[in-house]
Amino acid sequence: MKTHTLLMPLDMHLHLRDGVMLENVAPLTAYSFSGAIVMPNLVPPVDTKEQLIAYKERIMAAVPNDYFEPYMTLFYKNYDRAFLESVAEELTAIKLYPAGITTNSEGGVSSFDIEEMRETLQSMSDMGIPLCVHGETDGFVMDREAEFMSIYELLASNFPQLKIIMEHITTKEAVAMLDKYENLYATITVHHLLITLDDVVGGMMQPHLFCKPIAKRPEDLDALLSIALEAHPKVMFGSDSAPHPQHKKEACGCAAGVFTAPIALQLLCEIFDQFGKLDNLQAFVSDNAQSIYGICPEFKEVVLEHRPFKVPQTYAGVVPMYAGETISWAIESVD
Ligand code: DOR
Ligand code: ZN
Numbered sequence: 341m342k343t344h345t346l347l348m349p350l351d352m353h354l355h356l357r358d359g360v361m362l363e364n365v366a367p368l369t370a371y372s373f374s375g376a377i378v379m380p381n382l383v384p385p386v387d388t389k390e391q392l393i394a395y396k397e398r399i400m401a402a403v404p405n406d407y408f409e410p411y412m413t414l415f416y417k418n419y420d421r422a423f424l425e426s427v428a429e430e431l432t433a434i435k436l437y438p439a440g441i442t443t444n445s446e447g448g449v450s451s452f453d454i455e456e457m458r459e460t461l462q463s464m465s466d467m468g469i470p471l472c473v474h475g476e477t478d479g480f481v482m483d484r485e486a487e488f489m490s491i492y493e494l495l496a497s498n499f500p501q502l503k504i505i506m507e508h509i510t511t512k513e514a515v516a517m518l519d520k521y522e523n524l525y526a527t528i529t530v531h532h533l534l535i536t537l538d539d540v541v542g543g544m545m546q547p548h549l550f551c552k553p554i555a556k557r558p559e560d561l562d563a564l565l566s567i568a569l570e571a572h573p574k575v576m577f578g579s580d581s582a583p584h585p586q587h588k589k590e591a592c593g594c595a596a597g598v599f600t601a602p603i604a605l606q607l608l609c610e611i612f613d614q615f616g617k618l619d620n621l622q623a624f625v626s627d628n629a630q631s632i633y634g635i636c637p638e639f640k641e642v643v644l645e646h647r648p649f650k651v652p653q654t655y656a657g658v659v660p661m662y663a664g665e666t667i668s669w670a671i672e673s674v675d
């Protein structure tokens with residue numbers, strides 16, 4: 341049986357939520373990943389040092405062992421330098437949401453006024469704190485990410501030493517932007533390497549594939565595959581696994597988010613294997629992130645096997661991508 345080993349997989353964009361949901365989903369990621377960048381869009385958002393530390397403690401209490409590092413993020417506000425200095429030790433990055441653009445982002449940035457943002461962004465740049473960005477405008481849903489490119493250019497050119505991560509990119513425009521500015525990087529989800537808008541609404545509507553940013557066109561999928569499969573050194577895996585209870589997805593007014601955490605590595609093996617690029621998966625799923633963020637994750641060795649795996653219908657009331665379907669790689673062991 342064909343196997344493939346991954347060392348210290350990292351998920352560079354993950355929603356763990358809080359309370360019972362946190363307790364249910366955190367162990368699923370901690371099982372197969374060495375660490376994850378944890379999103380701060382709780383209600384209320386994680387925007388104080390006390391909340392950040394307390395949230396990290398709740399995450400650690402929810403995972404069954406110590407071999408998992410939650411890399412913490414703060415919800416972007418125009419923080420002053422003294423605050424950032426006081427919290428720098430506790431965080432790995434700061435996550436910027438445009439106001440109201442997605443789940444629990446109401447308190448995000450409503451105007452990209454560089455002068456108003458300068459103290460925060462320059463301090464982050466000086467202190468080596470990366471800025472993770474949900475890059476969508478409030479324009480037409482298919483154009484939101486492409487329209488946001490001018491804001492990435494504004495940020496990248498005004499703060500050339502600031503590491504800016506274009507989160508969960510979905511378009512050829514974002515792919516092109518990577519080579520234009522040295523300080524722009526990107527994460528890519530596994531679902532955006534598999535689906536286009538057709539899979540979401542081209543036939544019967546599929547609420548479990550509905551997310552922000554929405555999956556785009558075939559040419560966008562091709563552009564994402566081209567950089568992921570080559571493990572472009574500025575690109576990292578970030579699942580954006582975003583669990584919602586089943587009744588919030590299968591609802592009139594479906595919440596955005598695809599839940600992939602427990603099947604992400606299996607699906608990545610399937611994709612990279614299908615294109616004969618399994619040798620590049622290690623860089624995409626760990627090595628690039630280690631260099632970009634300068635992190636040294638906990639050791640973990642995950643062996644995957646090329647055999648059929650039937651995706652469960654739910655994980656504790658959360659429906660995963662491809663629920664009930666059979667995928668072609670499975671996790672064999674984790675050490
Ligand atoms: O689909 C999404 N779900 N996109 C986001 O940006 C947020 C996420 C969530 O928190 O549910
Ligand atoms: Zn997200």
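Going left to right, the sequence shown walks through residues 341 to 675 as my numbering numbers them.
Using N, Cα and C, we set each Cβ at its ideal position, and we do this for glycine too.
So is the beta-carbon of residue i under 8 Å away from any non-hydrogen atom of ligand 1?
{"i": "K552", "result": "yes"}
{"i": "G447", "result": "no"}
{"i": "A514", "result": "no"}
{"i": "T598", "result": "The question names Thr, but residue 598 is Val in the sequence shown. True, at least one ligand heavy atom lies under 8 Å from that Cβ."}
{"i": "H474", "result": "yes"}
{"i": "H355", "result": "yes"}
{"i": "A595", "result": "yes"}
Spatial neighbours of residue i within its chain, please: C-beta separation below 8 Å, excluding the five flanking residues on both sides.
{"i": "T636", "result": "Note on residue identity: the sequence assigns Cys, not Thr, to residue 636. The answer, listed in chain order, is Q630."}
{"i": "D387", "result": "P380, L414, F415, K417, G447"}
{"i": "A646", "result": "The identity of residue 646 in the sequence shown is His, whereas the question assumes Ala. Only M341, K342, T343, H344, C609, D613, S668, W669 meet the Cβ criterion."}
{"i": "A663", "result": "H548, V651, P652, Q653, T654"}
{"i": "P648", "result": "T666, I667, S668, A670"}
{"i": "K640", "result": "L347, M348, P349, S372, F373, S374, Y407, V674, D675"}
As a quick exercise: from the options, pick the residue whose alpha carbon is nearest that of residue i.
{"i": "A571", "options": "Q546, M467, K417, S626", "result": "S626"}
{"i": "D351", "options": "I667, H584, T477, V575", "result": "V575"}
{"i": "C594", "options": "T443, F488, P573", "result": "T443"}
{"i": "I528", "options": "A596, Q653, S581, I454", "result": "S581"}
{"i": "V481", "options": "M661, K556, Y437, G616", "result": "K556"}
{"i": "G468", "options": "I504, E487, F488", "result": "I504"}
{"i": "A563", "options": "K552, V515, D519", "result": "V515"}
{"i": "L392", "options": "L347, M545, Y633, A433", "result": "A433"}
{"i": "A496", "options": "A591, Q462, D478", "result": "Q462"}
{"i": "V642", "options": "Y633, L561, L621, M661", "result": "L621"}
{"i": "M683", "options": "V449, A366, S579, V658", "result": "Because the chain in this structure spans residues 341 to 675, residue 683 falls outside the shown range and cannot be described."}
{"i": "L402", "options": "V360, C551, E429", "result": "This sequence places Ala at residue 402; Leu is not what is there. Of the listed residues, the one whose Cα sits closest to A402 is V360."}
{"i": "E430", "options": "A394, F550, H474", "result": "A394"}
{"i": "K588", "options": "H353, S445, G657, E672", "result": "G657"}
{"i": "E590", "options": "A568, V473, F550", "result": "F550"}
{"i": "L561", "options": "E522, Y521, H508", "result": "H508"}
With a 10 Å radius around its C-beta and 16 neighbouring C-beta atoms as the bar for buried, classify residue i as buried or exposed.
{"i": "E559", "result": "exposed"}
{"i": "P404", "result": "exposed"}
{"i": "G597", "result": "buried"}
{"i": "V541", "result": "exposed"}
{"i": "Q501", "result": "exposed"}
{"i": "L678", "result": "Residue 678 is absent from the structure shown; the chain starts at 341 and stops at 675."}
{"i": "H355", "result": "buried"}
{"i": "A623", "result": "buried"}
{"i": "M545", "result": "exposed"}
{"i": "P438", "result": "buried"}
{"i": "F599", "result": "buried"}
{"i": "A422", "result": "exposed"}
{"i": "P385", "result": "buried"}
Kindly list the residues whose CB is nearer than 6 Å to the CB of residue i, restricted to its own chain and excluding five residues on each side of it in sequence; keep chain order.
{"i": "R382", "result": "Checking the sequence, you will find Leu at residue 382 rather than Arg. Excluding residues within five positions, the ones whose Cβ falls inside 6 Å are D358."}
{"i": "V677", "result": "Given that the chain is displayed from residue 341 to residue 675, the structure contains no residue 677 and the question cannot be resolved."}
{"i": "P553", "result": "E476, E485, T510"}
{"i": "P573", "result": "N628"}
{"i": "Q586", "result": "G657, V659"}
For ligand 2, I want to know if residue i counts as a neighbour, meaning its beta carbon is within less than 8 Å of at least one of the ligand's heavy atoms.
{"i": "T442", "result": "yes"}
{"i": "E507", "result": "yes"}
{"i": "D580", "result": "yes"}
{"i": "M576", "result": "no"}
{"i": "M379", "result": "yes"}
{"i": "H584", "result": "no"}
Between which residues of its own chain and residue i is the CB-CB distance below 7 Å, once the five residues before and five after are set aside?
{"i": "V464", "result": "Residue identity check: residue 464 is Met in the sequence provided, not Val. L424, I434, L471, L502, listed in sequence order."}
{"i": "F499", "result": "L461, Q462, S465"}
{"i": "P602", "result": "L368, Y655, P660"}
{"i": "K634", "result": "The residue asked about is misnamed: residue 634 is Gly in this sequence, not Lys. Excluding residues within five positions, none has a Cβ falling inside 7 Å."}
{"i": "S450", "result": "A439"}
Between the region 372 to 384 and the region 409 to 426, are three or more C-beta pairs nearer than 8 Å? Of all C-beta pairs linking the region 372 to 384 to the region 409 to 426, three or more are shorter than 8 Å, placing the two stretches in contact.
Please determine if the region 527 to 543 and the region 451 to 460 are in contact, where contact requires at least 3 C-beta pairs separated by less than 8 Å. With the cut-off at 8 Å, the region 527 to 543 and the region 451 to 460 do not touch.
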